[in-house]
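Protein sequences, first through last, are from chains A and B. Read left to right, the first sequence gives residues 1 to 331 (UniProt numbering). Read left to right, the second sequence gives residues 1 to 331 (UniProt numbering). Each remark here refers to the structure printed beneath this line.
Number of protein chains: 2
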Amino acid sequence: MSLRDIARLAGVSVKTVSNVVNGYAHVSPETRAKVEKVLAELDYRPNLSARNLRRGRTGVIALALPELDAPYFAELSRFVIDAAAEHRWLVVIEQTDGDLDRERRVLDGVRDHRVDGVILTPFAIGAEELAARTDDTALVLLGERIHDGPADHVAIDNVRAARDVTEHLIGLGRTRIAALGAQDNSASGTAPLRLAGYRQALAEHGLPETVAKVERYHRAEGAAAMAGLLALDPRPDAVFCFNDLLALGAMRTILAAGLRVPEDVALAGLDDIEDGRYSTPTLTTVAPDKAELARIAVDLLRQRIDGRPGQPPREARAGYRLVPRESTLGR
Amino acid sequence: MSLRDIARLAGVSVKTVSNVVNGYAHVSPETRAKVEKVLAELDYRPNLSARNLRRGRTGVIALALPELDAPYFAELSRFVIDAAAEHRWLVVIEQTDGDLDRERRVLDGVRDHRVDGVILTPFAIGAEELAARTDDTALVLLGERIHDGPADHVAIDNVRAARDVTEHLIGLGRTRIAALGAQDNSASGTAPLRLAGYRQALAEHGLPETVAKVERYHRAEGAAAMAGLLALDPRPDAVFCFNDLLALGAMRTILAAGLRVPEDVALAGLDDIEDGRYSTPTLTTVAPDKAELARIAVDLLRQRIDGRPGQPPREARAGYRLVPRESTLGR
């Protein structure tokens with residue numbers, strides 16, 4: 001069965017069939033559906049491995065992130081896999097654990113020529129090292145920002161999102177608002193952006209700041225840092241945690257101490273992971289548009305893979321929204 | 001730099017260097033470390049893509065599961081990726097959403113010859129269809145059981161684990177113990193195994209059964225099914241949910257109704273996802289040994305890929321333990 005036969009059956013050109021089979025973008029959804037229907041009826045299975053090799057491609061991209069078992073990354077990965085499937089790409093997942101050596105290996109081509117491009121959420125690696133990278137595999141940075149990094153990058157506006165959360169807590173009459181999630185050990189720059197947004201809102205209202213640091217964004221560290229905040233006198237009446245996992249850990253500590261959320265301490269997070277929709281109380285958070293983040297990252301990577309080398313890096317923004325729930329509003 | 005040079009520097013045979021570079025299993029950890037140290041010092045980067053092609057291999061395996069954003073699968077995927085890395089395998093993740101067509105496509109070779117083997121957690125596909133499979137890509141079933149399926153399979157003893165949970169609830173003096181998580185729509189057979197274990201324990205103590213069905217194992221369905229159980233008169237004094245997500249959804253419903261866990265309704269789940277360690281109350285559960293499940297699945301796949309065709313399928317078991325927490329014991 002040749003492409004010509006398939007084109008005849010689908011009533012489209014051979015070129016169009018080729019575009020669909022190769023996963024190229026410039027085919028309308030209707031035409032694509034028509035061709036795929038014929039392909040499915042004919043049980044047509046291209047040997048993509050051989051074809052990709054001829055094109056110098058593997059048809060596989062890597063998604064490298066700190067940890068797949070953090071719900072935010074698991075949810076984001078789902079969307080990246082879905083977006084990549086539209087280009088017939090398979091997605092290999094590499095976990096770096098935020099470890100500098102493992103991030104270097106991802107960036108440094110130890111992927112052994114088995115992937116066409118990499119979407120990376122960096123944690124430990126810095127701008128200087130990224131700029132000095134010699135491997136020319138297409139690269140897109142997702143979420144975490146490396147300032148002035150020489151790579152395409154997509155994220156939400158972290159400063160504005162953090163300011164929105166803090167404004168929300170101020171609007172509820174809270175005056176001793178702590179931030180939980182500042183970091184000394186990450187080069188990625190997201191924590192400083194969220195801290196900056198928090199500080200902007202406090203400064204506008206002349207309120208004092210209290211900042212708790214953590215090394216990683218896990219429940220256990222949120223729980224431990226919250227114990228430190230509860231020991232302050234006076235203790236905070238609201239806490240903005242820089243992600244939902246930290247907030248859920250902090251919630252556990254507050255409730256286990258016999259205090260109430262939000263009556264004694266209001267709590268907000270960021271990420272909108274599903275856990276926070278079913279906790280008691282439910283968790284106020286910022287919902288990044290994860291589907292949009294994934295779609296933009298995959299689109300940028302596609303353009304980078306298909307494009308000419310040396311094109312300047314681009315910055316892209318995905319949307320977000322504040323989602324107030326019981327942990328600040330009460331029941 | 002040839003394998004011979006590397007062998008000389010590492011003080012091992014050329015064959016051993018070859019075994020390490022190719023990710024074969026029969027090299028001692030110490031010897032492997034010695035060779036990898038030399039490889040790292042020399043910045044030796046084999047073009048695995050070309051080498052694998054010569055061997056008829058891609059060096060990539062697929063992990064196909066219903067949904068990456070269910071915490072159990074995300075946690076399990078982490079361990080599968082780690083275990084696969086020991087064989088220098090990359091892991092492509094495919095999400096089936098438990099959809100029959102998508103499971104068929106995974107099993108049917110639409111992976112386009114891009115993977116050497118598949119680890120599949122099936123949901124919708126049945127034994128008959130699995131037996132009729134024509135694609136000969138190496139296959140291992142993980143977790144969910146397809147009865148008499150013609151493929152290697154690894155899981156925990158689901159009947160015994162469910163019986164252990166139910167015995168735990170009976171031991172605490174509960175007498176109206178409901179099961180939440182029976183399924184009509186899955187061909188995979190895990191729900192019936194857990195139901196069987198629950199029934200065995202009740203039968204031994206002459207207690208009546210109450211069974212709530214769901215379609216999928218999500219928080220939302222646990223929350224909805226729990227509302228149905230609370231409407232019973234008398235309502236259950238304990239609920240064994242067939243996974244932790246269902247239990248966390250159920251917990252939300254109970255607490256939102258103004259009832260207490262465990263005083264009014266004791267709750268237990270299964271999976272030991274991290275969420276349940278930080279909920280209030282913390283969640284009693286069964287902890288499958290996820291690292292062992294992943295390691296066995298990868299080992300079985302390795303043997304299947306390297307072995308001769310036609311070898312009979314094998315059954316393997318991973319361990320588990322009951323983890324009693326506040327949702328049954330109280331604080």
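In this text, a Cβ means the ideal position worked out from N, Cα and C, and glycines have one as well.
| query | result |
| --- | --- |
| Cα-Cα separation, Arg304(B) to Ile119(B) | 11 Å |
| The region 235-253 of chain B: positions lying closer than 8 Å to chain A by Cβ | Leu248, Gly249, Met251 and Arg252 |
| Sequence-distant residues of its chain with Cβ nearer than 6 Å to Leu229(B) (five each side left out) | Ala178, Ala212 and Pro236 |
| Partners in chain A for Val60(B), counting only beta-carbon separations shorter than 8 Å | Val60, Leu90, Val92 and Arg114 |
| First through last residue of the alpha helix (DSSP H) which encompasses His153(A) | Careful: His153(A) lies outside any alpha helix (DSSP H), inside the beta strand (DSSP E) at Asp152 to Ala155. |
| Inter-residue CB distance, Leu293(A) and Val140(A) (contact presumed, cutoff 8 Å) | Between Val140(A) and Leu293(A) the Cβ distance is about 11 Å, and since that is not below 8 Å, they are no contact. |
| Secondary structure, alpha helix (DSSP H): runs of 4+ residues fully inside the region 250-318 of chain B | 275-278 and 290-306 |
| Three-way DSSP call (helix, strand, coil) for Ile177(A) in this model | strand |
| Extent of the continuous beta strand (DSSP E) to which Gly117(B) belongs | Gly117 to Leu120 |
| Host alpha helix (DSSP H) of Glu144(A) (start-end) | Premise fails: Glu144(A) is in no alpha helix (DSSP H) and is neither H nor E. |
| Segments of 4+ residues assigned as alpha helix (DSSP H) that fall wholly inside the region 3-41 of chain B | 3-10, 14-21 and 29-41 |
| CB of Ala250(A) within 8 Å of CB of Leu180(A), strictly | yes |
| Interface partners of Arg78(A) on chain B, CB under 8 Å | Glu67, Leu68, Asp69 and Gln95 |
| Paired residues, beta bridge with Val60(A) - DSSP | Leu90(A) |
| CA-to-CA distance, Val106(B) to Ala33(A), given in whole angstroms | 20 Å |
| Within chain B, the residues that Ile81(A) reaches when beta carbons sit closer than 8 Å | Leu68, Ile93, Glu94 and Gln95 |
| Where Asp272(B) falls, given that 16 or more other Cβ within 10 Å makes a residue buried | buried |
| Residues near Val110(A) in its chain [Cβ-Cβ closer than 7 Å; skip 5 each side] | Any reading at Val110(A) must be qualified, since the residue scores a pLDDT of 47, below 50, and its modelled position is unreliable; the value itself is stated next. Nothing meets the Cβ criterion. |
| Cα-Cα separation between residue 349(A) and Val27(A), rounded to whole angstroms | The structure shown has nothing for residue 349(A), since chain A only spans 1 to 331. |
| Bridge-paired residues (DSSP) for Tyr320(A) | Pro288(A) |
| C-beta neighbour in chain A for Asp275(B), strict 8 Å | yes |
| Neighbouring residues, chain A, relative to Glu292(B) (Cβ below 7 Å) | Going along chain A, no residue has its Cβ under 7 Å from Glu292(B), so there is no contact; the nearest lies around 16 Å. |
| Arg133(B) to Arg308(B) span [Cα, whole Å] | 18 Å |
| Within chain B, the residues that Leu180(A) reaches when beta carbons sit closer than 8 Å | Within chain B, no residue comes near Leu180(A); the closest Cβ sits about 15 Å away, beyond 8 Å. |
| Where Ala124(A) sits in the DSSP three-state scheme | coil |
| Residue range of the unbroken alpha helix (DSSP H) whose run includes Thr328(A) | Glu326 to Leu329 |
| Where Val110(B) falls: helix, strand or coil (DSSP) | The pLDDT assigned to Val110(B) is 47, lower than 50, so where the model puts this residue is not dependable; a value taken from the coordinates is nonetheless given after this. Note: Val110(B) maps to coil in three-state DSSP. |
| Rounded straight-line distance, which links the Cα of Arg252(A) to that of Asp164(B) | 27 Å |
| Span of the beta strand (DSSP E), counted from its first residue to its last, around Val165(B) | Here Val165(B) belongs to no beta strand (DSSP E); instead the alpha helix (DSSP H) covers Asn158 to Gly171. |
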